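Numbered according to our numbering, the sequence shown spans residues 134 to 467.
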Amino acid sequence: MKLRRMVYATLLLFALIWETACTPEYVEAPGQTPAAQADPPKKTYADVIIGFAQLGAESEWRVANTASIKETAEELGIELRFSDAQQNQENQILAMRSLIVQRVDVIGISPIVETGWNEVFQEAKDAGIPIILLDRRADVSEDLYVTYLGSDFLEEGRKAGRVMAQITNGQAKIVELTGTPGSAPAIDRYKGFRQILLDYPEMRIVDSQTGDFTRARGREVMEGFLNTYGKAITAVYAHNDDMALGAITAIEEYGLKPGVDIKIVSVDAAAVAFEAMIAGKMNATIECNPLLGPQFFELALKVINGEDVPKWVPSEESVFMAVDAAEILPTRKY
Ligand code: GYE
């Protein structure tokens, strides 16, 4: 037994000596410096091509959002490949495929609706192109996009509910103009508003229909509501300012006073809403910030350089009341 142990120990000792003797010291490969083995140099804005698949130009908000993206790209010297899907998901999917073929470094997209993105997002992933969701979320698994930069639409709906309760003393017969069916902001602004209404039994939603986030549709739908319910309507909740403005026209044509006979609360806080509030035709607007260009490109560059980014970068937003509109309007940038 003793002998066997001694043999093992000797073998082990030899093995250790051999190992140490044969492990080379660090040797520089020809032409290679230690610096070359460190991280590759960080890319700058001038080195990258960024694609953006915008959903349309349906509202003041969207126009401001597009301007922010284009202007920021220009200021930073970024090559931007931009497309506008004209409120059509098929177009937006085609635009994404085209950006994949062009092998851009990052794809930014505001998905028109939440569903239907799995396939094309997977194609981008397979091509090694990261996706940043901007403004609207998509209903896909978290590994298909790097980050979402945008608002808390549910909270916007709650803010609208709270401010509506305040303006109407908790008593209202409300008609609702919802956004594009199936879009993240329409879904959440609808839900958030109702969460608050649970506490106000005398605030009732009489009817709810889509105005597709446009002024023209908002006006048409409001005309329909007025024809059906007439003076029974005491308030309008519009998912964006454009539809609220359409509703204002319809209410005036019907012979009632918007902002007085029928209270109006909407979302976005575009300059046109401040003008309407100053004119006494609207009561409050919930801020939703479209000026996302600077944050978007900053995130994109971080992603390209392999830096960590949070899964959601929320925008900071307030509520604006008619009484403060005149003072605040000059400070508004959209
Ligand atoms: O509120 C509306 C626009 O997605 C947050 O889309 C955006 C919404 C915005 O058409 O005006």
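Even glycine gets a Cβ: it sits at the ideal position worked out from N, Cα and C.
Only a predicted model underlies this, so the values are computations on that prediction, with no experimental measurement involved.
Assigned secondary structure, residue i (DSSP; H/G/I helix, E/B strand, else coil)
| i | result |
| --- | --- |
| residue 164 | Only weak support exists for where residue 164 lies, its pLDDT of 49 falling under 50; the value from the coordinates is given anyway. In the structure shown, residue 164 sits in coil (DSSP, three-state: anything other than H, G, I, E or B). |
| residue 313 | coil |
| residue 350 | helix |
| residue 296 | helix |
| residue 278 | coil |
| residue 266 | strand |
| residue 201 | helix |
| residue 256 | helix |
| residue 184 | strand |
| residue 447 | strand |
| residue 337 | strand |
| residue 249 | coil |
| residue 213 | strand |
| residue 191 | coil |
| residue 431 | helix |
| residue 176 | coil |
| residue 239 | strand |
| residue 283 | strand |
| residue 305 | strand |
| residue 501 | Given that the chain is displayed from residue 134 to residue 467, the structure contains no residue 501 and the question cannot be resolved. |
| residue 440 | coil |
| residue 218 | coil |
Sequence-distant residues of the same chain with beta carbon closer than 8 Å to residue i, five excluded per side
| i | result |
| --- | --- |
| residue 434 | 176, 177, 178, 181 |
| residue 430 | 178, 183, 205, 206, 209, 211 |
| residue 362 | 306, 308, 339, 340 |
| residue 323 | 290, 309, 311, 341, 372 |
| residue 436 | 239, 263, 265, 279, 280, 442 |
Exposure of residue i, with buried meaning 16 or more beta-carbon neighbours within 10 Å
| i | result |
| --- | --- |
| residue 282 | buried |
| residue 368 | buried |
| residue 221 | exposed |
| residue 194 | buried |
| residue 459 | exposed |
| residue 321 | buried |
| residue 364 | exposed |
| residue 412 | exposed |
| residue 244 | buried |
| residue 266 | buried |
| residue 236 | exposed |
| residue 157 | Per-residue confidence for residue 157 stands at a pLDDT of 42, beneath the threshold of 50, marking its modelled position as unreliable; no derived number is given. |
| residue 391 | buried |
| residue 331 | exposed |
| residue 225 | buried |
| residue 149 | Caution is warranted here: a pLDDT of 43 is assigned to residue 149, below 50, making its placement in the model unreliable, and the coordinate value is therefore given only provisionally. So residue 149 ends up on the exposed side. |
| residue 414 | buried |
| residue 171 | exposed |
| residue 423 | buried |
| residue 253 | buried |
| residue 456 | exposed |
| residue 398 | buried |
| residue 260 | exposed |
Sequence-distant residues of the same chain with beta carbon closer than 7 Å to residue i, five excluded per side
| i | result |
| --- | --- |
| residue 216 | 186, 187, 228 |
| residue 219 | 189 |
| residue 240 | 184, 186, 229, 232, 257, 262, 264 |
| residue 358 | 308, 340, 366 |
| residue 114 | Not covered by the structure: residue 114. The range shown for the chain is 134 to 467. |
| residue 159 | Because the pLDDT at residue 159 is just 41, under 50, the model does not fix this residue reliably, and the point stays unresolved. |
| residue 386 | none |
| residue 287 | 321, 324, 325 |
| residue 395 | 366, 367, 368, 369, 384, 389 |
| residue 317 | 247, 269, 270, 286 |
| residue 461 | 407, 453 |
| residue 315 | 246, 247, 248 |
Residues of its chain near residue i, where Cβ-Cβ distance is below 6 Å and the 5 sequence neighbours each way are ignored
| i | result |
| --- | --- |
| residue 454 | 417 |
| residue 351 | 310, 344, 376, 379, 380 |
| residue 426 | 201, 202, 205 |
| residue 272 | 247, 248 |
| residue 348 | 375, 378, 379 |
| residue 447 | 285 |
| residue 305 | 336, 367, 368 |
| residue 419 | 289, 292, 293, 400, 452 |
| residue 242 | 186 |
| residue 251 | 273 |
| residue 355 | 380, 383 |
| residue 346 | 191, 192, 312, 313, 373 |
| residue 404 | 465 |
| residue 213 | 183, 206 |
| residue 300 | 396, 416 |
| residue 402 | 418, 420, 453 |
| residue 197 | 423, 467 |
| residue 329 | 291, 294, 295 |
For this session: Tell me the start and end of each unbroken alpha helix (DSSP H) in the segment 343 to 417 that is at least 4 residues and wholly inside, in chain order.
Result: Those alpha helix (DSSP H) runs which fall completely within the segment 343 to 417 and span 4+ residues are 348 to 362, 374 to 387, 404 to 411.
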